[in-house]
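> First the structure, which I've put down as structure tokens, then a few questions once you've had a look.
Number of protein chains: 2
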Amino acid sequence: MNPDFLVQQLRWRYATKKFDPARRIPDATWKALEESLVLSPSSFGLQPWKFVVVESPEIRSKLQPISWNQSQVVDASHFVVFAGRLRLDSTDIDALIAKTSELRGVPSEKLEGYRSMMLGFRQKLEESGGLDAWSARQVYLAIGGLLTSAALLGIDACPLEGIDPAGYNEILGLRGYSALCAVALGYRSLEDATANLPKVRYPVSQVIQRI
Amino acid sequence: MNPDFLVQQLRWRYATKKFDPARRIPDATWKALEESLVLSPSSFGLQPWKFVVVESPEIRSKLQPISWNQSQVVDASHFVVFAGRLRLDSTDIDALIAKTSELRGVPSEKLEGYRSMMLGFRQKLEESGGLDAWSARQVYLAIGGLLTSAALLGIDACPLEGIDPAGYNEILGLRGYSALCAVALGYRSLEDATANLPKVRYPVSQVIQRI
Numbered sequence: 147m148n149p150d151f152l153v154q155q156l157r158w159r160y161a162t163k164k165f166d167p168a169r170r171i172p173d174a175t176w177k178a179l180e181e182s183l184v185l186s187p188s189s190f191g192l193q194p195w196k197f198v199v200v201e202s203p204e205i206r207s208k209l210q211p212i213s214w215n216q217s218q219v220v221d222a223s224h225f226v227v228f229a230g231r232l233r234l235d236s237t238d239i240d241a242l243i244a245k246t247s248e249l250r251g252v253p254s255e256k257l258e259g260y261r262s263m264m265l266g267f268r269q270k271l272e273e274s275g276g277l278d279a280w281s282a283r284q285v286y287l288a289i290g291g292l293l294t295s296a297a298l299l300g301i302d303a304c305p306l307e308g309i310d311p312a313g314y315n316e317i318l319g320l321r322g323y324s325a326l327c328a329v330a331l332g333y334r335s336l337e338d339a340t341a342n343l344p345k346v347r348y349p350v351s352q353v354i355q356r357i
Numbered sequence: 147m148n149p150d151f152l153v154q155q156l157r158w159r160y161a162t163k164k165f166d167p168a169r170r171i172p173d174a175t176w177k178a179l180e181e182s183l184v185l186s187p188s189s190f191g192l193q194p195w196k197f198v199v200v201e202s203p204e205i206r207s208k209l210q211p212i213s214w215n216q217s218q219v220v221d222a223s224h225f226v227v228f229a230g231r232l233r234l235d236s237t238d239i240d241a242l243i244a245k246t247s248e249l250r251g252v253p254s255e256k257l258e259g260y261r262s263m264m265l266g267f268r269q270k271l272e273e274s275g276g277l278d279a280w281s282a283r284q285v286y287l288a289i290g291g292l293l294t295s296a297a298l299l300g301i302d303a304c305p306l307e308g309i310d311p312a313g314y315n316e317i318l319g320l321r322g323y324s325a326l327c328a329v330a331l332g333y334r335s336l337e338d339a340t341a342n343l344p345k346v347r348y349p350v351s352q353v354i355q356r357i
């Protein structure tokens, strides 16, 4: 990919305020975006997340009032809720070891060092009270990746942080995971005047320090 | 961009364990990656971050021992430290209002509603003790975006969470911001056997729920 194309698409993207409710993301494109979520990197590869694709218009309508009433929840072609693992425990670590053993054809016993390291890391996070915050950060890696991937595929997106996690968890039936953020994806409406506003970013000299 | 290309590149990427110290990212590619960081989305557009590009080999050598001694710190073509804003306050909000006013040609007074909303949001975060955690999540959006952008440009990368933030802050002279994570970028060494291991991801049916 040409570096100029990357920058062009990242300038093109914006937090879409109004989606065209009539336009739907083609299946092949959506499938690639889902695959990009599955492939998201995470610390130790633990993947402490669930991505909930809300297809039901009824459920989207229920989520809208607990999302600052934003129209994107119901108007966008696709709507994904990002949930982070709560109180990650040794079963999560064992599951990753089992999956690694399966996919790489390595006996679990040979992964004991990796397992111990993850258990030690988890223990430290728990002691510092940072376990769920750590999961949340991993989820934000996935969100950041999705926003970039979407922009490159010419898909508009809007991340929504202003959601009521407890309400979302109840409506979506989440257990052991908690909603953190949602992303609406689709195509901007021609009526969305915010699409044409200049992007507000601090200059590179302020944001990037060289040492 | 073709959706298949996205998936192909995300499968190609991996957390590079060993970089080729002789290969350097071309300037135009690196410039695009820096620009992608500047363009990263953030909640309200507050950009609560600094990205420190560590060019000095001496400083990289100092960072290595407080980075689990990982070779990527010194071997990679480029090394970026991601720092999050500490105790974001009204001056950050005023700075964003001033920049918005400047770039969009709107008098600050007309942005008073936006300003109040951000101040209210900040106040709630402070009361819940989640102010710095919120900044950290925004930083992880930027990291997630960078990892995807790099993969698409054919650049290898490795995020390093195992760093000592206090040590990093001191060496880099960070004030008002704290190091959260670093990313090494460059080209994989042909000696890195981990490059050929199958990727370990849970299946889409486990990670993505449809409702």
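Chains A and B, in that order, are what the protein sequence lines are.
Numbering-wise (the numbering used here), the first sequence opens with residue 147 and increments by one.
Numbering-wise (the numbering used here), the second sequence opens with residue 147 and increments by one.
Glycine included, C-beta positions come from ideal geometry on N, C-alpha and C.
1. Is DSSP giving B/Leu183 helix, strand or coil here?
2. Who are the neighbours of B/Val198 on chain A, taking C-beta pairs under 9 Å?
3. From A/Gln193 to B/Ser254, what does the alpha carbon distance come to, in whole angstroms?
4. What is the rounded straight-line gap between the Cα of B/Gln355 and the Cα of B/Glu248?
5. If the cut is a Cβ gap below 7 Å, which residues of chain A does B/Val245 touch?
6. Please state whether DSSP places A/Gly308 in a helix, a strand or coil.
7. Answer yes or no: does any C-beta atom of chain A fall closer than 9 Å to that of B/Lys163?
8. If we define contact as Cβ-Cβ less than 9 Å, is A/Val219 a contact residue for chain C?
9. Considering only their Cβ atoms, is the gap separating A/Pro187 from B/Gly230 smaller than 9 Å?
10. With a floor of 4 residues, list each alpha helix (DSSP H) that falls wholly inside the region 284 to 343 of chain A, ordered by position along the chain.
11. For A/Leu299 and B/Leu183, I'd like the C-alpha separation in whole angstroms.
12. Hey, is the region 160 to 167 of chain A in contact with the region 277 to 289 of chain A, meaning 3+ C-beta pairs nearer than 8 Å?
13. Going along the region 281 to 296 of chain B in order, which residues come within less than 7 Å of chain A, judged by CB to CB distance?
14. Is the beta carbon of B/Cys304 less than 9 Å from the beta carbon of B/Gln218?
15. Which chain A residues are close to B/Gly191, counting only those with a beta carbon under 7 Å from its beta carbon?
16. For chain A, is any of its Cβ atoms less than 9 Å away from the one on B/Gly266?
17. Distance check for B/Asp221 and B/Lys164, CA to CA, integer angstroms please.
18. By the DSSP assignment, the alpha helix (DSSP H) with A/Gly191 in it spans what residues?
19. Give a yes or no on whether 9 Å exceeds the smallest Cβ distance from B/Leu299 to chain A.
20. Note the first and the last residue of the continuous alpha helix (DSSP H) segment covering A/Gln155.
21. Examine chain B for any beta-carbon lying closer than 9 Å to the beta-carbon of A/Ala178, and answer yes or no.
22. Can you grab the Cα-Cα spacing for the pair A/Ile205 / A/Val226, in whole Å?
23. Here's a check: name, in chain order, each residue in its chain whose Cβ is nearer than 7 Å to the Cβ of B/Asp150, leaving out the five neighbours to either side.
24. Can you give me the C-alpha to C-alpha distance between B/Pro203 and B/Gln216, rounded to a whole angstrom?
25. A/Ile309 touches chain B at which residues, Cβ-Cβ below 9 Å?
26. Taking 8 Å as the limit between beta carbons, can you name the residues of its chain near B/Glu337, skipping five residues before and five after?
27. Considering only their Cβ atoms, is the gap separating A/Leu156 from A/Thr294 smaller than 9 Å?
28. At the level of alpha carbons, what is the spacing between A/Arg169 and B/Ile212?
29. Tell me whether B/Glu180 is buried or exposed, calling it buried when 16 or more other Cβ atoms sit within 10 Å of its Cβ.
30. Output yes if chain B places a C-beta closer than 9 Å to the C-beta of A/Thr237; else output no.
31. Can you give me the C-alpha to C-alpha distance between A/Asp173 and B/Leu265, rounded to a whole angstrom?
32. Along chain A, in chain order, which residues have C-beta atoms closer than 8 Å to that of B/Glu201?
33. Can the beta-carbon of A/Phe190 be found less than 9 Å from the beta-carbon of A/Leu242?
34. Specify, as a first and last residue, the run of the beta strand (DSSP E) that B/Phe165 falls within.
35. Going by DSSP, name the residue or residues bridged to B/Val220.
The structure says:
1. In the structure shown, the three-state DSSP call for B/Leu183 is helix.
2. Those are Ile354, Gln355, Arg356 and Ile357, listed as they occur along chain A.
3. Looking at the two C-alpha atoms, the distance is approximately 43 Å.
4. So the alpha carbons of these two residues sit roughly 43 Å apart.
5. Correcting the residue identity first, residue 245 of chain B is Lys in this sequence and not Val. Chain A residues near B/Lys245: Val346 and Tyr348.
6. DSSP, read as helix, strand or coil, puts A/Gly308 in coil.
7. When Cβ-Cβ separations below 9 Å define contact, B/Lys163 makes no contact with chain A.
8. Considering every chain present, this structure includes no chain C. Its protein chains are A and B.
9. Not a contact, by the Cβ cut-off of 9 Å.
10. For the region 284 to 343 of chain A, whole alpha helix (DSSP H) runs of length 4 or above, ordered along the chain, are 311 to 318.
11. Cα-Cα distance, rounded: 19 Å.
12. Result no; under three Cβ-Cβ pairs closer than 8 Å.
13. Residues of the region 281 to 296 of chain B with a C-beta atom less than 7 Å from some C-beta of chain A are Ala282, Arg283, Tyr286, Leu287, Ala288, Ile289, Gly290, Gly291, Leu293, Thr294 and Ser295, listed in chain order.
14. In this structure, the beta-carbon distance from B/Cys304 to B/Gln218 falls below 9 Å.
15. Under the 7 Å cutoff, chain A gives Val346.
16. For B/Gly266, the answer is no, since every Cβ of chain A falls outside 9 Å of its Cβ.
17. About 8 Å.
18. Element bounds for A/Gly191: n/a, residue is neither H nor E.
19. Yes, because at least one Cβ of chain A sits closer than 9 Å to the Cβ of B/Leu299.
20. Looking at the DSSP string, the run of the alpha helix (DSSP H) that includes A/Gln155 is Pro149 to Trp158.
21. A/Ala178 counts as touching chain B.
22. Cα-Cα distance, rounded: 12 Å.
23. Here the set comprises nothing.
24. Whole-angstrom Cα-Cα distance: 15 Å.
25. For the C-beta of A/Ile309, not a single chain B residue is nearer than 9 Å; the gap to the nearest is close to 12 Å.
26. Hits under 8 Å: Lys164.
27. A/Thr294 places its beta carbon less than 9 Å from that of A/Leu156.
28. A/Arg169 and B/Ile212: Cα-Cα distance of roughly 50 Å.
29. Result: buried.
30. Not one beta carbon of chain B lies nearer than 9 Å to the beta carbon of A/Thr237.
31. Straight-line Cα distance between these residues: approximately 41 Å.
32. One finds Arg356 and Ile357 in chain A with Cβ atoms closer than 8 Å to the Cβ of B/Glu201, taken in chain order.
33. Yes.
34. No beta strand (DSSP E) contains B/Phe165, which DSSP labels as neither H nor E.
35. Residue pairing by DSSP places B/Val220 opposite no residue, since no beta bridge is assigned to it.
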